[in-house]
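The structure appears right after this line, and notes come after that.
In our numbering, the protein residues as written are 21 to 93.
Structure follows, in structure tokens:
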């Protein structure tokens with residue numbers, strides 16, 4: 021989830037070849053924006069997919085409910 025809403029990707033329908041081409045053109049025509057989006061993507065991945073962040077989510081979503089008896093093992 022991108023909570024800060026900073027753009028961190030170009031999303032294109034996989035069947036929309038013209039849209040994909042337009043996205044590639046936009047990237048090539050605006051290298052500063054491309055760098056900013058890439059930096060936002062890097063920060064998003066670092067914040068959400070570090071081992072400690074993943075472990076914290078697994079603990080909250082899996083381990084704690086099991087220990088609290090809220091689900092069967």
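For each residue, glycine too, the CB sits at the ideal point set by N, CA and C.
It is roughly 46 Å from the alpha-carbon of residue 84 to the alpha-carbon of residue 50. Residue 44 and residue 52 have their C-alpha atoms some 14 Å from each other. The DSSP-derived three-state label of residue 68 is helix. Annotation for residue 27: 57, 60 place their beta carbon closer than 7 Å to its own, counting only its chain and skipping 5 residues before and after. Beta-carbon to beta-carbon, residue 73 and residue 80 are separated by about 11 Å, too far to satisfy the 8 Å threshold. Between residue 42 and residue 48, the alpha-carbon positions lie close to 10 Å from each other. The continuous stretches of alpha helix (DSSP H) do not include residue 79, and DSSP gives it neither H nor E.
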